[in-house]
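Undergrad:
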Amino acid sequence: MSPKVYIALVSLAVSAFAIGTTEFVIVGLLQTVADDLGITITKSGTLISGYAAAVAIGTPLITAMTGRFPKKGFLLFLMAVFILGNALSAIAQSYSILLLSRIVTAVAHGVFFAIAATVAADIVPANKKGTAISIMFTGLTVATIAGVPFGTYIGQQFGWRFTFGAVAGLGLIAFIVNLFALNKINQQSKPPSMTDVVSLIRNRRILLALLMTVLGFGGTFALFTYLSPILEEVSGFSSKSISLLLLVYGVAVAIGNVVGGKLANGHPVKALQTVFLFQGIVLLLQMVLLPSRSLSMFCYWACSPL
């Protein structure tokens, strides 16, 4: 790959870092947000589940409807929406406004990744497509390892609104880098349409594969959503140690991604079955191991998505 192409991929990775940080940083700040807005921890959890639902529902629909839009311009527009969404989160004075800002940000998140993945593949030769996409998604991995714990630390020290303000700043940096690093991108001869989406939904094998993924990762992220209050109230960790524990979790995710990728090289379906079986066992063990600090950390390492 030429230096110019590599710079373009890195610019997409910077965007992925900003987006990944805002997606998961709320996990470490859940109790802080709940206390500040005067809501229950259960209700504050909808700031994560609502975000996920907006990504799942909005991404295929909007991607299909905007398939003929100029890719570079649309990516920049999505980053602008991302910046505004996080800025709105930073100044939100109520749960309703914060939830709305999260939904707006989530829609931009999902569509950005859908388009950026195709852009990363389009700007490199056919034999480099996998490498290009992996470089772009490196930003998401780094966000899990560094962005989330650091954002949690900032929120604990200066307030959760400051964290979202910092993420908006990251988005602005990503916008500027993409503006100068990405060239005009040629359109696909036939971009995806709503008809394509409907035909996929009617495919039984695809639906079963999606269902397996939804149920498997749904169990893991249901636990991850309330990771902070569980570690504090059940396992007995102090609130000041949450950012460090999220760093440990992020490292485990990165290791799991590498291991999972290698397992999937041979038999991807069997690999998924093995991974989900292992995660199911570990999730069941949480009921008896969570009260122990050391054993609860082992469970969280094991539960990190492969």
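Okay, so the sequence shown: first residue is 9 according to my numbering, each after it adds one. All C-beta atoms, glycine included, are put in the ideal place defined by N, C-alpha and C. Only a predicted model underlies this, so the values are computations on that prediction, with no experimental measurement involved.
1. Rounded to whole angstroms, how far is the Cβ of Ile143 from the Cβ of Ala21, which I believe are closer than 8 Å?
2. At 4 residues or longer, and completely inside the region 60–111: list those alpha helix (DSSP H) runs for me, N to C.
3. Could you have a look at Leu45 and say whether DSSP puts it in helix, strand or coil?
4. Quick check: the region 152–160 against the region 243–252, are there 3 or more CB pairs under 8 Å?
5. Roughly how many angstroms lie between the CA atoms of Lys51 and Ala42, to the nearest whole one?
6. Among Gly177, Phe77 and Leu45, whose alpha-carbon lies nearest the alpha-carbon of Tyr103?
7. I'd like the span of the alpha helix (DSSP H) that includes Lys136, first residue to last.
8. Tell me the rounded alpha-carbon separation between Val277 and Gly138.
9. Just checking: is the beta-carbon of Leu252 within a distance shorter than 7 Å of some beta-carbon in chain C?
10. Alpha carbons only, please: which of Phe85, Arg110, Ile70 and Phe77 is nearest the one belonging to Phe32?
11. Roughly how many angstroms separate the alpha carbons of Thr54 and Ser243, rounded to a whole number?
12. Ala122 and Thr71 - do their beta-carbons sit closer together than 7 Å?
13. Which of helix, strand or coil does DSSP assign to Ser142?
TA: With the given structure in hand:
1. Taking a contact as a CB-CB distance under 8 Å, the pair Ile143 and Ala21 counts as one, their CB atoms being some 6 Å apart.
2. Every alpha helix (DSSP H) stretch that sits fully inside the region 60–111 and reaches 4 residues is listed by chain position as 79–99.
3. It is helical.
4. In this structure the region 152–160 lies against the region 243–252, because at least three pairs of beta carbons, one per stretch, are closer than 8 Å.
5. Taking the Cα positions, Lys51 is about 8 Å away from Ala42.
6. Comparing Cα-Cα distances from Tyr103 to each of Gly177, Phe77 and Leu45, the minimum goes to Leu45.
7. In the DSSP annotation of this structure, Lys136 is not part of any alpha helix (DSSP H), being labelled neither H nor E.
8. Approximately 19 Å, taken between the alpha carbons.
9. Note that chain C does not occur in the displayed structure, where there is just one protein chain.
10. Considering only Phe85, Arg110, Ile70 and Phe77, the residue with the shortest C-alpha distance to Phe32 is Arg110.
11. Straight through space, the alpha carbons of Ser243 and Thr54 are spaced by roughly 23 Å.
12. Taking the C-beta atoms as reference points, Ala122 is found nearer than 7 Å to Thr71.
13. The answer is helix: DSSP assigns Ser142 an H, G or I state.
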